[in-house]
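For the sequence shown, the numbering used here begins at -8 and goes up steadily by one.
See structure below.
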Amino acid sequence: MKITTEMCKQAIVEYLKQHPGLVSHEFGEDYNADFEADAILEKNWKRFEKRKDYFDETVTVRGFDCRPYDDQLRGYVSERNNEIIKVEVVGE
């Protein structure tokens, strides 16, 4: 099955739910559920890029911004052969 933008957003949100405190950590803050609440809403993630991985052209990387954080929080989803192989969330 082809990987869609919605599937990528779901993967980012699930990753954040499995790693509570990650958003706070990226901003150098103590864990705060209210601060992280916007990041676990799929509607807040907007795709800004789709490209081939720089080191492995068999991997496609999609980048997403979390809008309530003024483009300071990004999620990256890597896929190969229609399978999500990696999810990263980083503060920019």
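All residues carry an ideal CB built from backbone N, CA and C; glycine is no exception.
Three-state class that DSSP yields for residue i in the structure shown
| i | result |
| --- | --- |
| threonine 51 | strand |
| aspartate 25 | helix |
| lysine -7 | coil |
| leucine 13 | helix |
Buried versus exposed call for residue i [16 or more other C-beta atoms within 10 Å across all chains shown]
| i | result |
| --- | --- |
| isoleucine 76 | exposed |
| valine 81 | exposed |
| asparagine 35 | buried |
| aspartate 84 | Here the chain has residues from -8 to 83 only, and residue 84 is not among them. |
| glycine 66 | buried |
Residue i, enclosing beta strand (DSSP E) - first and last residue
| i | result |
| --- | --- |
| glutamate 40 | 36 to 43 |
| arginine 58 | Counting along the chain, arginine 58 falls outside any beta strand (DSSP E), and DSSP gives it neither H nor E. |
The ligand ATP heavy atom lying under 7 Å from the CB of residue i
| i | result |
| --- | --- |
| glutamine 1 | Ligands displayed in this structure: none; no statement on the ligand ATP is therefore possible. |
Residue i to residue j span [Cα, whole Å]
| i | j | result |
| --- | --- | --- |
| phenylalanine 55 | threonine -5 | 13 Å |
Close beta carbons around residue i, own chain, < 8 Å, minus the five adjacent residues each side
| i | result |
| --- | --- |
| lysine -7 | Asn73 |
Neighbourhood of residue i by C-beta, 6 Å cutoff - its chain only, sequence neighbours within 5 removed
| i | result |
| --- | --- |
| glutamate 33 | Lys0, Val4 |
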